[in-house]
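J.: In this note's numbering, the protein residues as written are 22 to 445.
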């Protein structure tokens, strides 16, 4: 099959997908390309994505899936404007961003193998492995930056499903670990291109480990209780190779860890509607530029003043679906409505224009999400979703002042999406 999308400002998106049955297995191949000139100066982008997947049963209870993906994209960054500049010409780019040709270029591959097996009727297990090489380049902050990464990992998930009217309905447990490492090279910038002067030569690595256990109990034919927890550990590694230094560079490390409990209640209203209440959260992983040390910390490669960024989510919602056989327009309708609050402790925020980051007390995200999927007659379907989100700092202060109550930057307050589809 083939699909093509066209829009304003040079928007083009093309996709070709083919599939084939190979014995008991299935082969799928997809190629997608995109181009966008952008509505502002220095805001164009292009991308190419290739996906190949092979799924095949090994026996009656075992299935294997192998996938290979590759992506390349490049996009330019127009930068921020003052209010006066925006009022004068909102399509212009920041002058410094234009002069430096600020942009990012990414080449990423991913190879995965997944093995699923059923043991008797009540036990299932999945094992997966992946390798994810990356080559990244960017013109940023008057520096040309090259990143080369390799990312490898794997994990396993076990599931037990109770039979009949057992109170212990389902148990899920899993473990996963991944490691990423690679070189970071910073050069001077000459007319927006890489210069000959190597300013920084260092290594950055990160290890993540997680394990979880979750149990689901049938308290009645309508009420389900879920209890569980997850442990996360994140370890960051950095090593600087200073020019002209023969001694081995010291390796710097920092570690974040946290245990997150989880609880949920689900009440079924008939066979097609339900209401639920969830409490959960997690340990948020900072990006590597966020763990760079501030200038005041000498002889360090990582930011030791950062604290674990922990989130706690409370959510109340309802969802359901229904057939509308008497309607001349609708065949079926599914919906979801959720009200949630995400509380964050030790939110990581930039200082001095992003020169380094620090932990800034507490913040919250208070929101409402509404989604609906309408299956219309005559081959049409409509999918829509709306999100309102209020994100603000509860406690946030530094040597520049107190900013408690300010909005968290970079988070849109509202988001609306809709898609109308026709199948013939």
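All C-beta atoms in this analysis are idealised placements derived from N, C-alpha and C, irrespective of residue type, glycine included.
1. What residue from 53, 161, 83, 100 has the CA that sits closest to residue 211's CA?
2. Under the three-state reduction of DSSP, which class applies to residue 109: helix, strand or coil?
3. Comparing alpha-carbon positions, which option in 274, 395, 329, 321 lies nearest residue 345?
4. To the nearest angstrom, how far is the alpha carbon of residue 301 from that of residue 190?
5. Could you tell me which of 385, 271, 349 sits nearest to residue 363, measuring between CA atoms?
6. If I'm right that residue 131 touches residue 69 with Cβ under 8 Å, what's the distance once you round it to whole angstroms?
7. Measure the Cβ-Cβ separation of residue 429 and residue 336 and say whether it is below 9 Å.
8. Drop a sphere of 10 angstroms on the beta-carbon of residue 257, count the other beta-carbons inside from all chains shown, and report buried for 16 or more, exposed for fewer.
9. For residue 321, which residues of its own chain have a beta-carbon under 7 Å away from its beta-carbon, when the five flanking residues on both sides are left out?
10. Check for me: the beta strand (DSSP E) holding residue 194 runs from which residue to which?
11. Give me the Cα-Cα distance between residue 151 and residue 259, rounded to the nearest whole angstrom.
12. Going along the chain, which residues of its own chain have a beta-carbon closer than 6 Å to the beta-carbon of residue 32, five neighbours each way excluded?
13. I need the straight-line Cα distance from residue 392 to residue 351, nearest angstrom please.
14. Alpha carbon to alpha carbon, how far is residue 120 from residue 61? Give it in angstroms, no decimals.
15. State the beta-bridge partners of residue 156 as determined by DSSP.
16. Nearest-angstrom Cα distance between residue 323 and residue 223?
17. Measure the alpha-carbon distance for residue 292 versus residue 342 and round it to whole angstroms.
18. Starting from the Cα of residue 214, find the closest Cα among 167, 241, 251, 188 and give me that residue.
19. Alpha carbon to alpha carbon, how far is residue 289 from residue 326? Give it in angstroms, no decimals.
20. Going by Cα to Cα distance, which pick from 243, 123, 405, 77 is closest to residue 64?
21. Check for me: the alpha helix (DSSP H) holding residue 119 runs from which residue to which?
22. By DSSP, does residue 444 sit in helix, in strand, or in coil?
23. Can you tell me the Cα-Cα spacing of residue 172 and residue 72, whole angstroms?
24. Let me check understanding here. Comparing Cα to Cα, which of 310, 234, 330 lies closest to residue 284?
25. List the residues that DSSP assigns as beta-bridge partners of residue 415.
26. Within 10 angstroms of its Cβ, does residue 245 collect 16 or more other Cβ (buried), or is it exposed?
27. Under DSSP, the beta strand (DSSP E) around residue 311 begins and ends at which residues?
28. Which residue from 247, 203, 129, 328 puts its Cα closest to that of residue 94?
29. Helix, strand or coil: how does DSSP classify residue 104 here?
T.: Checking against the coordinates, here is how it stands:
1. Distance from the Cα of residue 211 is smallest, within the candidate group 53, 161, 83, 100, for 161.
2. Correct three-state label for residue 109: helix.
3. Comparing Cα-Cα distances from residue 345 to each of 274, 395, 329, 321, the minimum goes to 395.
4. As the crow flies, the alpha-carbon of residue 301 is around 20 Å from that of residue 190.
5. With distances taken between Cα atoms, residue 363 lies closest to 385.
6. About 15 Å separates the beta carbon of residue 131 from that of residue 69, a gap too long to meet the 8 Å contact definition.
7. Against a cut-off of 9 Å, the Cβ pair of residue 336 and residue 429 comes out as no contact.
8. With 16 or more Cβ atoms within 10 Å of its Cβ, residue 257 is classed as buried.
9. Taken in chain order, the residues that qualify are 273, 314.
10. Element bounds for residue 194: 189 to 211.
11. Our two residues, residue 151 and residue 259, have alpha carbons roughly 23 Å apart in a direct line.
12. Within the same chain, residue 32 has close Cβ partners 57.
13. Distance between the alpha carbons of residue 392 and residue 351: 16 Å.
14. The straight-line gap from Cα to Cα measures roughly 15 Å.
15. Residue 156 is bridged to 128, 169.
16. Rounded to the nearest whole angstrom, the C-alpha separation of residue 323 and residue 223 is 12 Å.
17. Linking residue 292 to residue 342 through their CA atoms gives a straight-line distance of about 9 Å.
18. Checked all of 167, 241, 251, 188; the closest Cα to residue 214 is 167.
19. Whole-angstrom Cα-Cα distance: 47 Å.
20. Nearest of 243, 123, 405, 77 to residue 64, Cα basis: 123.
21. Annotation for residue 119: the continuous alpha helix (DSSP H) segment containing it runs 116 to 121.
22. Of the three classes helix, strand and coil, the one that applies to residue 444 here is coil, per DSSP.
23. Answer to the nearest angstrom: the Cα atoms are 19 Å apart.
24. The residue with the shortest Cα to Cα distance from residue 284 is 234.
25. Under DSSP, residue 415 forms no beta bridge with any residue.
26. Residue 245 comes out buried.
27. Neither: residue 311 is in no beta strand (DSSP E) and is coded neither H nor E.
28. Considering only 247, 203, 129, 328, the residue with the shortest C-alpha distance to residue 94 is 129.
29. Residue 104 falls in the helix class under three-state DSSP.
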